[in-house]
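> Here the sequence shown is numbered in our numbering, starting from 14 and rising by one per residue. Supplied in structure tokens, the structure appears directly below.
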Amino acid sequence: MPILRKDKIRPATGKLAILTPGIGAVATTFMAGVLSIRKGLAKPYGSVTQMATIRLGKRTEANSPLIKDFLPLATLDQLVFGGWDIFPENAYDAAVKAEVLRREHLDQVKAELSAIKPMPAVFDTAFVKRIDGPNKKTGSKWEKAQALREDIRNFMKQHGCSRAVVVWCASTEAYSTPIGVHASLAAFEEGLKKNDPAIAPSQIYAYAALSEKIPFANGAPNLCLETGAMRELARKNQMPIGGKDFKTGQTLMKTILAPGFKSRMLGVSGWFSTNILGNRDGEVLDDPESFKSKEVSKLGVLDTVLQPDVYPDLYKNLYHKIRINYYPPRGDNKESWDNIDIFGWLNYPMQIKVNFLCRDSILAAPIVLDLALLMDLAQRANMFGIQEWLSFYWKSPQVAEGLYPEHDLFIQQIKLKNTMRWLMREDLITHLGLEYYDMLEGQEA
Ligand SMILES: NC(=O)c1ccc[n+]([C@@H]2O[C@H](COP(=O)([O-])OP(=O)(O)OC[C@H]3O[C@@H](n4cnc5c(N)ncnc54)[C@H](O)[C@@H]3O)[C@@H](O)[C@H]2O)c1
Numbered sequence: 014m015p016i017l018r019k020d021k022i023r024p025a026t027g028k029l030a031i032l033t034p035g036i037g038a039v040a041t042t043f044m045a046g047v048l049s050i051r052k053g054l055a056k057p058y059g060s061v062t063q064m065a066t067i068r069l070g071k072r073t074e075a076n077s078p079l080i081k082d083f084l085p086l087a088t089l090d091q092l093v094f095g096g097w098d099i100f101p102e103n104a105y106d107a108a109v110k111a112e113v114l115r116r117e118h119l120d121q122v123k124a125e126l127s128a129i130k131p132m133p134a135v136f137d138t139a140f141v142k143r144i145d146g147p148n149k150k151t152g153s154k155w156e157k158a159q160a161l162r163e164d165i166r167n168f169m170k171q172h173g174c175s176r177a178v179v180v181w182c183a184s185t186e187a188y189s190t191p192i193g194v195h196a197s198l199a200a201f202e203e204g205l206k207k208n209d210p211a212i213a214p215s216q217i218y219a220y221a222a223l224s225e226k227i228p229f230a231n232g233a234p235n236l237c238l239e240t241g242a243m244r245e246l247a248r249k250n251q252m253p254i255g256g257k258d259f260k261t262g263q264t265l266m267k268t269i270l271a272p273g274f275k276s277r278m279l280g281v282s283g284w285f286s287t288n289i290l291g292n293r294d295g296e297v298l299d300d301p302e303s304f305k306s307k308e309v310s311k312l313g314v315l316d317t318v319l320q321p322d323v324y325p326d327l328y329k330n331l332y333h334k335i336r337i338n339y340y341p342p343r344g345d346n347k348e349s350w351d352n353i354d355i356f357g358w359l360n361y362p363m364q365i366k367v368n369f370l371c372r373d374s375i376l377a378a379p380i381v382l383d384l385a386l387l388m389d390l391a392q393r394a395n396m397f398g399i400q401e402w403l404s405f406y407w408k409s410p411q412v413a414e415g416l417y418p419e420h421d422l423f424i425q426q427i428k429l430k431n432t433m434r435w436l437m438r439e440d441l442i443t444h445l446g447l448e449y450y451d452m453l454e455g456q457e458a
């Protein structure tokens with residue numbers, strides 16, 4: 014493994030633009046949150062980069078700095094927000110409409126949020142059917158890609174930013190799989206010029222960002238970065254990419270619970286998950302094609318955590334069912350129910366019921382912050398291509414071709430922190446105790 018030099022990580026000088034395609038519930042909750050934290054009105058609960066510590070060296074050394082003090086990350090004061098949406102409302106009005114944060118909280122950062130005006134979006138009703146709006150770009154797909162590139166350049170110039178990161182926070186697009194036009198960068202560029210119907214808006218945003226040498230993270234479950242074309246472009250321009258689908262709500266619970274069952278060799282015969290949610294995301298997911306993208310992203314989790322091929326007695330017959338129901342009265346305050354049928358010693362069955370009354374965007378907002386800061390760090394450290402060490406944040410982590418994703422939250426956390434240590438040339442932590450070294454010395458003596 015090549016050793017990175019921590020003194021070779023470019024410093025986080027200047028302003029960092031965080032640009033989000035989609036200025037809806039997640040994006041505005043993220044922006045309002047950072048602005049409030051910056052003013053000392055709130056704490057960054059849920060953000061690992063801001064609140065978590067990282068142990069360095071042996072436990073006896075008692076050296077556990079905050080991650081934000083350990084890594085050369087951009088500070089919250091250096092962040093500038095912008096983005097695109099099909100609706101022209103500024104981020105304050107969009108946040109009011111999203112009804113995630115209360116007015117009393119939004120009003121404390123009203124001036125800053127009101128100044129964030131969405132740039133015209135690249136949008137296609139073939140990929141998102143349930144909504145449409147007036148703030149859109151026109152022209153061919155190639156022209157739209159060039160217009161996005163210009164938006165990025167203009168935004169950075171206007172706000173005096175030295176770097177940027179793009180995080181997709183727009184609606185979930187219809188399910189699709191890569192075909193010929195996605196296979197290589199040349200085919201993709203040709204497809205843009207020919208207005209190929211298989212190229213989705215999210216792919217055009219990713220193409221534009223990576224072409225401008227800007228990292229791109231995909232917070233939704235749709236196909237965007239998982240194509241030969243985007244991998245090639247990321248490699249060519251040495252840019253980090255990562256996705257997909259922020260790990261929040263029910264899936265977060267699954268990746269916490271399932272590794273626990275497996276670690277104790279408890280079998281699972283069934284896992285039924287249902288949700289009600291009433292925000293715009295729920296409305297978009299009410300369309301079967303958009304739901305399919307979400308379903309595929311959510312279904313993969315248990316298979317990879319539980320490994321039915323390795324443990325057929327325990328997990329081969331697991332029946333896994335997921336339902337998402339659009340139910341307007343709930344707004345962003347989603348409710349989920351899980352019924353888990355497990356079995357133990359002598360095949361005796363047991364049941365677990367989880368009723369999670371979560372707030373989706375409250376869980377997603379700190380993920381947007383962490384991903385933006387860590388993708389920016391990756392770029393300054395010359396780490397390019399798929400950032401597997403950030404799997405911790407994704408429902409459906411993108412991996413190199415031929416590999417399976419790691420879904421176990423605790424393995425993901427070890428990988429995340431060990432990569433941070435590796436980046437800063439600190440010893441990796443193996444969790445082997447000092448007493449073993451003493452025993453070994455005794456044996457050798
Ligand atoms: N909230 C969560 O916890 C969570 C978790 C995982 C993934 N996600 C995903 O994050 C995304 C955002 O979720 P949300 O709750 O903010 O949804 P939202 O509907 O409130 O916001 C999405 C916004 O994107 C805009 N939009 C749609 N297509 C666009 C395009 N092509 N270009 C620019 N803007 C576009 C919409 O007008 C809307 O304002 C969704 O794809 C969702 O599935 C959310």
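Ideal Cβ positions, reconstructed from N, Cα and C, are used throughout, including at glycine.
Do residue 328 and residue 296 have their C-beta atoms closer together than 8 Å?
no
> Would you list the one or two residues that DSSP bridges to residue 155?
Paired residue(s): none; residue 155 is not in a bridge.
> On the DSSP bridge list, what partners appear for residue 177?
30
> Quick one: what does DSSP say residue 161 is sitting in, helix, strand or coil?
helix
> Would residue 419 pass as a contact of residue 428 if the rule is Cβ separation under 8 Å?
yes
> Any idea what DSSP makes of residue 487, helix, strand or coil?
Here the chain has residues from 14 to 458 only, and residue 487 is not among them.
> Decide if the region 149–157 is in contact with the region 58–77; the criterion is three or more beta carbon pairs, one per stretch, under 8 Å apart.
Contact between the region 149–157 and the region 58–77 is absent: fewer than three C-beta pairs spanning the two stretches fall below 8 Å.
> Can we count residue 259 as close to ligand 1, meaning its CB is less than 7 Å from some heavy atom?
Indeed, a heavy atom of ligand 1 lies less than 7 Å from the Cβ.
> Using the Cα positions of residue 55 and residue 77, report the straight-line distance between them to the nearest angstrom.
23 Å
> What are the start and end residues of each continuous beta strand (DSSP E) run of 3 or more residues lying completely inside the region 276–309, in chain order?
Given a length threshold of 3 residues, each whole run of the beta strand (DSSP E) inside the region 276–309 is given here in chain order: 280–290.
> Could you give the DSSP three-state label for residue 172: helix, strand or coil?
coil
> Assuming residue 89 contacts residue 50 (C-beta within less than 8 Å), just tell me the rounded distance between them.
Their Cβ separation, rounded to whole angstroms, is 6 Å, which keeps residue 89 and residue 50 in contact under 8 Å.
> Which one of 248, 231, 406, 184 has the shortest CA to CA distance from residue 266?
406
> Taking DSSP as the reference, what is the three-state secondary structure of residue 14?
Unreliable positioning characterises residue 14 in this predicted model, as indicated by a pLDDT of 46, which lies under 50. The coordinate reading is nonetheless provided below. Here residue 14 sits in coil by DSSP.
> Looking at ligand 1, does it come within less than 7 Å of residue 146, judged from the CB to the closest heavy atom?
Distances taken from the Cβ of residue 146 to the heavy atoms of ligand 1 include one shorter than 7 Å.
> Considering only heavy atoms of ligand 1, does any lie closer than 7 Å to the CB of residue 294?
Checking the Cβ of residue 294 against ligand 1 gives yes.
> Is residue 339 helix, strand or coil by DSSP?
strand
> Below 7 Å, is the gap between the Cβ of residue 210 and the nearest heavy atom of ligand 1?
no
> Runs of 4 residues minimum, wholly inside the region 177–222: which ones carry the alpha helix (DSSP H) assignment?
Counting whole runs of 4 or more residues, the region 177–222 contains the alpha helix (DSSP H) stretches 198–206.
> On the DSSP letters alone, give me the boundaries of the beta strand (DSSP E) that residue 348 sits inside.
348–356
> If you follow the alpha helix (DSSP H) that residue 326 is part of, which residue opens it and which one closes it?
325–328
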